[in-house]
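Numbering (the working numbering), first residue to last: 1 to 256. Reading through the structure tokens given below for one structure.
The structure is reproduced here in structure tokens:
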């Protein structure tokens, strides 16, 4: 059954909700929907109190290490960590309390997926501790992985062949639909349905969710094989479309 997966997105050391694709390396500020006055530990404690294991902490660029460590220390073994993960720092972040590591950009070399890199990282920490992030953008009727905080298009499609190739090197997949991320304009239903058909591992989808009914919709579209993250629509992040307490209640009914 589909469950709600919580998130903590970190940018410049703060918990934020940012419109996908608006992050740039040229110094221009991203389009931001929410900036929290509370630290990452507050959200980690809330998720811990409510038993919402398997959420993800994402470091969006530099300056987020302290905030990430605060979240992981608040709930050791309860949260996954992504953003800048590579072999040189993987074991350090597991030791800091991450349950699993989420890897994206490091797996790509000049826009091409490197299975050698995936194998090397899995060999270092174990595939059971890895989540592969295949966050993507849509072009010409297909979805293509976008790296470097969704700025760089790759030549890797999000399809059954790609997921099958990576499956032996990880235990989960995370997919942000970058074109709708942060816009509260509705999920990418076609992508959710496709992920339900092709994913050989548990998969979490993020992007565009705006109402509690989206949990029901994702469950129906994916056959209960894809979980859902709410961001900007969640009242915990200043939104008005979804009550956090309703998400917690959904998970308890689902046994998640």
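Just so it is clear, CB atoms sit at the ideal spot from N, CA and C, and this is done for glycine as well. All values derive from a computational prediction rather than experimental measurement.
Nearest-angstrom beta carbon gap, residue j and residue i [assumed within contact, 8 Å]
{"i": "residue 134", "j": "residue 158", "result": "5 Å"}
{"i": "residue 100", "j": "residue 37", "result": "Contact doesn't hold; Cβ gap of about 29 Å is too wide."}
{"i": "residue 129", "j": "residue 94", "result": "6 Å"}
{"i": "residue 127", "j": "residue 168", "result": "7 Å"}
{"i": "residue 121", "j": "residue 90", "result": "6 Å"}
Counterpart residues of residue i in DSSP-defined beta bridges
{"i": "residue 136", "result": "145, 177"}
{"i": "residue 205", "result": "175, 228"}
{"i": "residue 109", "result": "112"}
{"i": "residue 258", "result": "Nothing can be reported for residue 258: it is not among the residues displayed for the chain, which extend from 1 to 256."}
{"i": "residue 4", "result": "228"}
{"i": "residue 59", "result": "10"}
{"i": "residue 74", "result": "DSSP, once it has assigned bridges, lists no residue as partnering residue 74."}
{"i": "residue 103", "result": "132"}
{"i": "residue 250", "result": "Partner(s): none; residue 250 has no beta bridge."}
{"i": "residue 257", "result": "Residue coverage of the chain in this structure runs from 1 to 256, which leaves residue 257 outside it and unanswerable."}
{"i": "residue 86", "result": "None; residue 86 has no bridge partner."}
{"i": "residue 80", "result": "56"}
{"i": "residue 242", "result": "234"}
Three-state class that DSSP yields for residue i in the structure shown
{"i": "residue 115", "result": "helix"}
{"i": "residue 159", "result": "coil"}
{"i": "residue 94", "result": "helix"}
{"i": "residue 290", "result": "No answer is possible for residue 290: it lies beyond the span of the chain, which begins at 1 and ends at 256."}
{"i": "residue 212", "result": "coil"}
{"i": "residue 191", "result": "helix"}
{"i": "residue 299", "result": "This structure cannot settle anything about residue 299, because the visible part of the chain is limited to 1 through 256."}
{"i": "residue 52", "result": "coil"}
{"i": "residue 219", "result": "helix"}
{"i": "residue 255", "result": "coil"}
{"i": "residue 126", "result": "coil"}
{"i": "residue 168", "result": "coil"}
Residue i and residue j closer than 8 Å at C-beta
{"i": "residue 196", "j": "residue 223", "result": "yes"}
{"i": "residue 4", "j": "residue 191", "result": "no"}
{"i": "residue 73", "j": "residue 97", "result": "yes"}
{"i": "residue 113", "j": "residue 59", "result": "no"}
{"i": "residue 250", "j": "residue 215", "result": "yes"}
{"i": "residue 217", "j": "residue 187", "result": "yes"}
{"i": "residue 163", "j": "residue 200", "result": "yes"}
{"i": "residue 153", "j": "residue 143", "result": "no"}
{"i": "residue 34", "j": "residue 230", "result": "no"}
{"i": "residue 70", "j": "residue 39", "result": "yes"}
{"i": "residue 2", "j": "residue 226", "result": "yes"}
Option nearest residue i by Cα separation, candidates the options
{"i": "residue 175", "options": "136, 219, 82, 249", "result": "136"}
{"i": "residue 107", "options": "156, 9, 17, 54", "result": "156"}
{"i": "residue 32", "options": "93, 15, 71, 243", "result": "15"}
{"i": "residue 141", "options": "118, 194, 99", "result": "194"}
{"i": "residue 55", "options": "12, 47, 124", "result": "47"}
{"i": "residue 232", "options": "37, 7, 53", "result": "7"}
{"i": "residue 204", "options": "64, 248, 132, 128", "result": "132"}
{"i": "residue 184", "options": "53, 162, 234, 243", "result": "234"}
{"i": "residue 63", "options": "50, 210, 84", "result": "84"}
{"i": "residue 239", "options": "209, 82, 111", "result": "209"}
{"i": "residue 50", "options": "75, 70, 29", "result": "75"}
{"i": "residue 212", "options": "245, 163, 189, 39", "result": "245"}
{"i": "residue 151", "options": "86, 124, 105", "result": "105"}
{"i": "residue 207", "options": "179, 219, 226, 243", "result": "179"}
{"i": "residue 161", "options": "226, 115, 248", "result": "115"}
{"i": "residue 44", "options": "30, 139, 241, 77", "result": "77"}
{"i": "residue 61", "options": "148, 219, 53", "result": "148"}
{"i": "residue 41", "options": "219, 138, 13", "result": "13"}
{"i": "residue 118", "options": "253, 138, 86", "result": "86"}
Min CB distance residue i to chain C below 8 Å
{"i": "residue 71", "result": "The chain inventory of the structure shown lacks chain C, comprising one protein chain alone."}
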